[in-house]
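In my numbering, the protein residues as written are 797 to 947.
Just so it is clear, CB atoms sit at the ideal spot from N, CA and C, and this is done for glycine as well.
On a predicted model such as this, the values are computed, not experimentally measured, just so you know.
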């Protein structure tokens, strides 16, 4: 789990600093959107390896861990559906703990979608669900600032 303020000041719950993160500038921002009645509390990565927090209701491709490697699936699903699909195959959702892993996930995305990360920056084929979500405060329903990897 990670506690937030700005991405550069995050900590694991035990007080140690994360070994790796690759957030886009000024992210995560945990924005709220009335359409979803929800906060940006789940993580996507683009083919350039940049992370962003977003809404779990968005449908996008996803990645699973398989024997220490990544499988990127082009099917567009919500975060919760992606998690259940990985689990149905006996896998876990992808998590990234190092620069090397981030690069490897980018390679897997390129195999699935092709090497051109430039076309339409926000095209959903450039964003893939990761197995990371913000832990929500049960009493308030708001983000707790703690981020969890599902592995």
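| query | result |
| --- | --- |
| 6 angstroms Cβ shell around residue 875 - same chain, five flanking residues per side excluded | 838, 852, 925 |
| Residue closest to residue 855, alpha-carbon to alpha-carbon, out of 878, 845, 867 | 878 |
| Backbone secondary structure at residue 888 - three-state DSSP | strand |
| Check whether residue 898 and residue 864 have beta carbons under 8 angstroms apart | no |
| Per-residue DSSP class, three states only, for residue 879 | helix |
| Where residue 902 falls: helix, strand or coil (DSSP) | helix |
| Nearest-angstrom Cα separation, counted from residue 860 out to residue 889 | 4 angstroms |
| Cβ distance (whole Å) where residue 895 is taken to contact residue 816 below 8 angstroms | 6 angstroms |
| Check: residue 823 C-beta below 7 angstroms from any heavy atom of the ligand ATP | Summarising the ligand content, the structure contains no ligands, and the ligand ATP is consequently not present. |
| Contact under 8 angstroms by Cβ, residue 873 with residue 858 | yes |
| CB of residue 830 within 8 angstroms of CB of residue 922, strictly | no |
| Residue 922, DSSP secondary structure in three states | helix |
| Burial state of residue 824 (16 or more Cβ within 10 Å) | buried |
| One or two residues paired with residue 822 in a DSSP bridge | DSSP output for residue 822 lists no bridge partner at all. |
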